Amino acid sequence: MDSRADRRFVVDKEIECMIAGRQEWVFLYDLSVGGCMIEISRGQFKVGDRLLLKLTHFIETHGEVVWQFGGNAGVRFDERLPDMLVEKLGFQPTTTPFEDISPRDRFGRLLPSLPPYQIPASPGF
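Residue numbering for the sequence shown follows the numbering used here, beginning at 129 and increasing consecutively.
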């Protein structure tokens, strides 16, 4: 059962992070108005570490590591982010099964169906 108070949005983006006076690049997995989950490729987090996260070129937020497991950490923000910002930075994965999604080109046009695959006749040995 999930005890989070706020709706999470998947982000999947590398962002800049300042921790203990050093710059790190972390992977931002998900984001809510009150916090996020990040992963650091080198180094470690400790519960209680203070962070500055650069979510975009113009938007930064301070927070504290509230849990840590391996290279992943949960961060609680000092100040809540605006709902609209979180929705803009994140996306909601589709609930439609992959098999039901019609393939489209980069302009959004439906692609034609492919003919069923025919197994070539095996050569006689």
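For each residue, glycine too, the CB sits at the ideal point set by N, CA and C. Bear in mind that the values here come from a model prediction, so they are computed numbers and not experimental data.
Neighbour-count burial assignment, residue i, 16 or more Cβ in a 10 Å radius
| i | result |
| --- | --- |
| Phe235 | exposed |
| Ile187 | exposed |
| Ser160 | buried |
Boundaries (first-last residue) of the beta strand (DSSP E) holding residue i
| i | result |
| --- | --- |
| Leu181 | Arg178 to Lys182 |
| Asp140 | Phe137 to Ile147 |
| Leu159 | Arg150 to Leu159 |
Residues of its chain near residue i, where Cβ-Cβ distance is below 6 Å and the 5 sequence neighbours each way are ignored
| i | result |
| --- | --- |
| Asn85 | The requested residue 85 is not part of the displayed model; the chain covers only 129 to 253. |
Contact set for residue i: own chain, Cβ-Cβ below 8 Å, skip 5 residues either direction
| i | result |
| --- | --- |
| Val203 | Gly163, Cys164, Met165, Ile166, Leu179, Leu181, Gly191, Glu192, Val193 and Val194 |
Boundaries of the alpha helix (DSSP H) in which residue i is found, first to last residue
| i | result |
| --- | --- |
| Asp211 | Asp211 to Leu217 |
Rounded separation between residue i and residue j - CA only
| i | j | result |
| --- | --- | --- |
| Asp158 | Gln151 | 20 Å |
| Asp130 | Pro240 | Note on Asp130: pLDDT 48, under 50, position unreliable in the model; the coordinate value appears next. Straight-line Cα distance between these residues: approximately 42 Å. |
| Ala148 | Phe197 | 19 Å |
| Leu156 | Ser230 | 29 Å |
| Leu238 | Pro225 | 17 Å |
Residue from the options with nearest C-alpha to residue i
| i | options | result |
| --- | --- | --- |
| Leu209 | Phe173, Leu183, Met146 and Pro225 | Leu183 |
| Leu213 | Phe173, Thr189 and Arg170 | Thr189 |
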